[in-house]
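A.B. asks:
Here you go:
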């Protein structure tokens with residue numbers, strides 16, 4: 294047994310933190326969609342085209358944030 298016989302670490306509870314992260318992603322997507330809709334309407338694009346693009350942005354932003362969260366962090370090799 295010896296010093297290496299320690300118990301396995303307890304798994305992290307992910308419930309609340311995961312919900313907060315996804316809420317932030319969705320809120321950012323909604324904000325980006327609203328801004329995109331306003332900018333495109335200001336640029337005199339039709340309502341249907343502006344709404345379609347805004348919906349795409351609203352979906353794309355949270356998906357892009359999720360994909361970015363799956364990328365491993367930068368390993369600087371201990372050099373600072």
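Numbering (the working numbering), first residue to last: 294 to 373. Note that beta-carbon positions come from the ideal geometry of N, C-alpha and C, so glycine has one too.
#1: For the alpha helix (DSSP H) containing residue 355, name the first residue and the last one.
#2: Specify the secondary structure class of residue 308 as computed by DSSP and reduced to three states.
#3: Secondary structure at residue 301, three-state DSSP: helix, strand or coil?
#4: Report the residue from 342, 299 and 317 whose alpha carbon sits nearest the alpha carbon of residue 309.
#5: In angstroms, rounded to a whole number, what distance separates the CA positions of residue 341 and residue 313?
C.D. replies: Working from what's here:
#1: Mapped onto the chain shown, residue 355 falls at position 62. Residue 355 -> alpha helix (DSSP H) spans 340-362.
#2: If you number the chain shown from 1, residue 308 lands on position 15. Note: residue 308 maps to helix in three-state DSSP.
#3: Taking the chain shown and counting its residues from 1, one reaches residue 301 at position 8. DSSP places residue 301 in coil when its eight states are reduced to three.
#4: The sequence position of residue 309 within the chain shown is 16, counting from 1. For the residues 342, 299 and 317, the minimum Cα distance to residue 309 belongs to 317.
#5: Start at 1 with the first residue of the chain shown, and residue 341 comes out as number 48. Start at 1 with the first residue of the chain shown, and residue 313 comes out as number 20. Rounded to whole angstroms, residue 341 to residue 313 spans 32 Å at the Cα level.
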